[in-house]
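I have placed the structure first, in the form of structure tokens, so that the comments after it can refer back to it.
Residue numbers (the numbering used here): 60 to 359.
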């Protein structure tokens, strides 16, 4: 069979696939890889995988291109490897994927490259849709697709009931993009909107299936996390901050643009109203801003 046949076969797989040579230069990039990452084939073929393209992060916030690239390890020892990671999408946000790396051999049985297959692990459960099916009221933020303030009010009532009946612990995270007004002034409102969209997509991909994120105003977001300890709340809050810090997009002058957010997070008290919980998180967020921004502050 011809090389064209095999190329067409790879190009039509449901999984993202790319091949690298022994120098980690990308030689093949299929259509599904384009769809998952946002990068077109001609943007990546000929580049090294670490050239500000995918820049994988693991669940502990490590940049594996720096701390121990599994692709490089497979090229060295020929071992198969699997991992669940977060890759960088061209639009700036992070996408959860499961990767599988295999060595490739030449006719002399020498490692000449490697393949990486990656599966999109973005969650499919949509709590907002479940709630929307019970009412004619619009519960979704039009820009980001996250829950809006009405959805927040409805969901918080569910949280209170769950605490009372089941004894579950909930966390409340209030996030705000740092210096969004300055970004809008210097780069334009469209650029600020892209920052908002990046954070929203990161939140969708970082939180668990039974957690929920809301956008309530401008660059301000709320995340409610279910069945969680205080240590876990701190970890998730830090992950949101870190993944925002490690997201980037191209500015209009083709330079790389980074931005940050700050957060205040607290456990939901059994008898606290939504307003009281929000006021607690707001006070903690102000502390984060006062510390110099790009910071989280958590309280029990």
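Backbone N, C-alpha and C define an ideal beta-carbon position, used for all residues, glycine too. Please read all numbers here as calculations on a predicted model, not as lab measurements.
CB of residue i within 8 angstroms of CB of residue j, strictly
i, j, result
"residue 296", "residue 322", "yes"
"residue 146", "residue 123", "no"
"residue 262", "residue 280", "yes"
"residue 233", "residue 341", "yes"
"residue 76", "residue 84", "no"
"residue 214", "residue 275", "no"
"residue 162", "residue 133", "yes"
"residue 278", "residue 255", "yes"
"residue 257", "residue 306", "yes"
"residue 344", "residue 235", "yes"
Spatial distance of residue i from residue j (CA atoms)
i, j, result
"residue 324", "residue 267", "17 angstroms"
"residue 319", "residue 304", "5 angstroms"
"residue 191", "residue 73", "30 angstroms"
"residue 88", "residue 94", "11 angstroms"
"residue 309", "residue 329", "45 angstroms"
"residue 91", "residue 174", "14 angstroms"
"residue 166", "residue 139", "19 angstroms"
"residue 172", "residue 103", "16 angstroms"
"residue 338", "residue 245", "31 angstroms"
"residue 130", "residue 113", "12 angstroms"
"residue 217", "residue 198", "15 angstroms"
"residue 269", "residue 357", "21 angstroms"
"residue 120", "residue 128", "14 angstroms"
"residue 333", "residue 219", "9 angstroms"
"residue 78", "residue 181", "23 angstroms"
"residue 231", "residue 284", "7 angstroms"
"residue 188", "residue 346", "34 angstroms"
"residue 200", "residue 239", "18 angstroms"
"residue 311", "residue 159", "35 angstroms"
"residue 71", "residue 96", "16 angstroms"
"residue 193", "residue 247", "39 angstroms"
"residue 100", "residue 136", "28 angstroms"
"residue 108", "residue 221", "45 angstroms"
"residue 242", "residue 164", "49 angstroms"
"residue 212", "residue 116", "34 angstroms"
"residue 186", "residue 118", "23 angstroms"
"residue 67", "residue 348", "52 angstroms"
Presumed contact (8 angstroms Cβ cut-off) between residue i and residue j, rounded CB distance
i, j, result
"residue 177", "residue 149", "With 8 angstroms as the limit, residue 177 and residue 149 do not qualify as a contact, their Cβ atoms being about 15 angstroms apart."
"residue 286", "residue 228", "7 angstroms"
"residue 142", "residue 205", "That pair is no contact at about 28 angstroms."
"residue 265", "residue 316", "That pair is no contact at about 21 angstroms."
"residue 196", "residue 81", "Not quite, the Cβ-Cβ distance comes to about 58 angstroms (not below 8 angstroms), so this is no contact."
"residue 289", "residue 359", "5 angstroms"
"residue 237", "residue 352", "4 angstroms"
"residue 207", "residue 273", "7 angstroms"
For residue i, the nearest candidate out of the options (CA to CA)
i, options, result
"residue 152", "66, 77, 98", "98"
"residue 292", "326, 269, 316", "326"
"residue 336", "189, 113, 282", "282"
"residue 125", "136, 137, 110, 135", "110"
"residue 203", "253, 239, 219", "253"
"residue 105", "116, 86, 115, 118", "86"
Under the three-state DSSP convention, the category residue i falls into
i, result
"residue 81", "coil"
"residue 100", "helix"
"residue 113", "coil"
"residue 208", "helix"
"residue 124", "helix"
"residue 267", "coil"
"residue 279", "strand"
"residue 287", "coil"
"residue 360", "Residue 360 is absent from the structure shown; the chain starts at 60 and stops at 359."
Contact with chain B by residue i, beta-carbon distance below 8 angstroms
i, result
"residue 284", "Within the model displayed, chain B is absent; a lone protein chain is all it includes."
Any non-hydrogen atom of the ligand MN closer than 7 angstroms to residue i Cβ
i, result
"residue 200", "This structure lacks the ligand MN, and indeed carries no ligand of any kind."
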